[in-house]
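**Student:**
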Amino acid sequence: MTYETILFEMRGPVGLLTLNRPDKLNAINGKMVAEVNGLLDRIERDPEVRALVVTGAGRAFSAGFDLTEGADRPWNTVGDVRPVLQADFDFVMRFWHSPLPTVAAVRGYALAGACELAMACDITIAAAGARFGEPELRFGSGIIALLMPWLSGPKRTKEALLTGNDKISAEEALAMGLVNRVVPEGEEVKTALAIAREIAINDREKVRLTKQAINRTYSIMGFEQALAMGLDTDVQIEALQTPEGKTFREIRQREGLKAALAWRDARFDKKE
0 MTYETILFEM RGPVGLLTLN RPDKLNAING KMVAEVNGLL DRIERDPEVR
50 ALVVTGAGRA FSAGFDLTEG ADRPWNTVGD VRPVLQADFD FVMRFWHSPL
100 PTVAAVRGYA LAGACELAMA CDITIAAAGA RFGEPELRFG SGIIALLMPW
150 LSGPKRTKEA LLTGNDKISA EEALAMGLVN RVVPEGEEVK TALAIAREIA
200 INDREKVRLT KQAINRTYSI MGFEQALAMG LDTDVQIEAL QTPEGKTFRE
250 IRQREGLKAA LAWRDARFDK KE
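Per numbering that gives the first Met the number 0, residue 0 is the first one in the sequence shown, and the count goes up by one each step.
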């Protein structure tokens, strides 16, 4: 099959999915969501596919969800916000819930929703020089899939999310529990494929059941309920009309995102 926003090929028993909008740092738009979901619908039923590696074309894994898409849509009420964020949430969590073992191979940026996608994969390999982060609060937004507390604990998560840090190095991400390994740049896909092949050697159904059992352990601890609460909070944040948020959005619509970010940062310049 041919796609507009992704590439897919089989490497033996392992599927290799590449997010393919390199001119946009592989920003996730509606077309990409639809194409990935359609692909997963197909390969999750295919007994020949025994694991999936996810990576990005060009110099980034992904910059997250495309903020330019639907910039003019109504965004003032919970009713406006909920369907869009629910679709984004379901997309990220598709990799957590997939019956296939999923391995993310990250180089360059993995930000916001893409950082969440990398965390939602079962195993994450980072190239040295990769940068992770969830800067949503800096953009006046919230966290779609609040996975980080489950991997890093409250202290590191609060520091990362409340500051909007988008420059978490691969080594820091390893220490935080966001990734499994850091490898030399250019080796991330090779390493991810090697791990996926090791998994693929094992009985496909027994791998599926073991992944399901691990995930259900988190379910017993309230994982789904906590993520649903986090999504509800994000919906409230997006629909909340604060003076700061209103000004930020007006500047972004009128002058662009860079101007809005400059306004935000300048408010506290030269203040202790």
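Don't be surprised by glycine CBs; every beta carbon is placed ideally from N, CA and C. Since this is a predicted model, take the numbers as computed values, not measurements.
With H, G and I counted as helix, E and B as strand and the rest as coil, what does DSSP make of Met0?
**Tutor:** coil
**Student:** From Leu177 to Ile124, what distance separates their C-alpha atoms?
**Tutor:** 10 Å
**Student:** Of the residues Ser140, Phe138, Gly139 and Gly132, which one's Cα is nearest the Cα of Glu170?
**Tutor:** Gly132
**Student:** Tell me the start and end of each unbroken beta strand (DSSP E) in the stretch 71 to 145 that is at least 3 residues and wholly inside, in chain order.
**Tutor:** 101 to 105, 108 to 110, 122 to 126 and 130 to 132
**Student:** Helix, strand or coil for Ala169, going by three-state DSSP, please let me know.
**Tutor:** helix
**Student:** Can you round the beta-carbon distance between Ala172 and Val13 to whole angstroms, since I take them to be within the 8 Å contact cut?
**Tutor:** With a Cβ gap of about 23 Å, Ala172 and Val13 do not count as contacting.
**Student:** Hey, could you find the ends of the beta strand (DSSP E) Arg58 is sitting in?
**Tutor:** Unbroken run through Arg58: none, as it is neither H nor E.
**Student:** Please classify Ser140: is it buried, with 16 or more other beta-carbons within 10 angstroms of its beta-carbon, or exposed?
**Tutor:** Classification for Ser140: buried.
**Student:** So, with DSSP's three-state summary, where would you put Met9?
**Tutor:** strand
**Student:** Going by alpha carbons, who is nearest to Leu145 out of Gly255, Leu116, Ala129 and Asn28?
**Tutor:** Leu116
**Student:** Tell me the residue span of the alpha helix (DSSP H) that contains Arg215.
**Tutor:** Arg203 to Ile219
**Student:** Terminal residues of the continuous beta strand (DSSP E) containing Arg180?
**Tutor:** Arg180 to Val182
**Student:** So what does DSSP say about Ile200, is it helix, strand or coil?
**Tutor:** coil
**Student:** Is the beta carbon of Ala126 sitting closer than 9 Å to the one on Arg106?
**Tutor:** yes
**Student:** Which two residues bound the contiguous alpha helix (DSSP H) that contains Glu249?
**Tutor:** Pro242 to Glu254
**Student:** For Val80, which residues of its own chain have a beta-carbon under 7 Å away from its beta-carbon, when the five flanking residues on both sides are left out?
**Tutor:** Trp74, Val234, Glu237 and Ala238
**Student:** Quick one: is Phe267 buried, meaning 16 or more other Cβ sit within 10 Å of its Cβ, or exposed?
**Tutor:** exposed
**Student:** Can you tell me the Cα-Cα spacing of Ala225 and Asn214, whole angstroms?
**Tutor:** Ala225 and Asn214 have their C-alpha atoms roughly 14 Å apart.
**Student:** For the alpha helix (DSSP H) holding Ile236, just list the boundary residues, first then last.
**Tutor:** Phe222 to Ala238
**Student:** Quick one: grab the DSSP three-state call for Ala50.
**Tutor:** strand
**Student:** Between Pro82 and Gly11, what straight-line distance do the alpha-carbon atoms span, to the nearest angstrom?
**Tutor:** 38 Å
**Student:** Which residues share a DSSP beta bridge with Leu15?
**Tutor:** Glu8 and Val52
**Student:** If you follow the alpha helix (DSSP H) that Lys23 is part of, which residue opens it and which one closes it?
**Tutor:** Premise fails: Lys23 is in no alpha helix (DSSP H) and is neither H nor E.
**Student:** Please list the terminal residues of the continuous alpha helix (DSSP H) segment that includes Leu38.
**Tutor:** First-last of the alpha helix (DSSP H) with Leu38: Gly29 to Ile42.
**Student:** Contact check, Leu278 vs Leu15 under 8 Å by CB: the rounded distance?
**Tutor:** There is no way to answer for residue 278, as the model of the chain reaches only from 0 to 271.
**Student:** Just verifying my parser: in three-state terms, what is the DSSP assignment at Leu177?
**Tutor:** coil
**Student:** Please state whether the Cβ-Cβ distance between Ala103 and Ala109 is less than 9 Å.
**Tutor:** Ala103 places its beta carbon less than 9 Å from that of Ala109.
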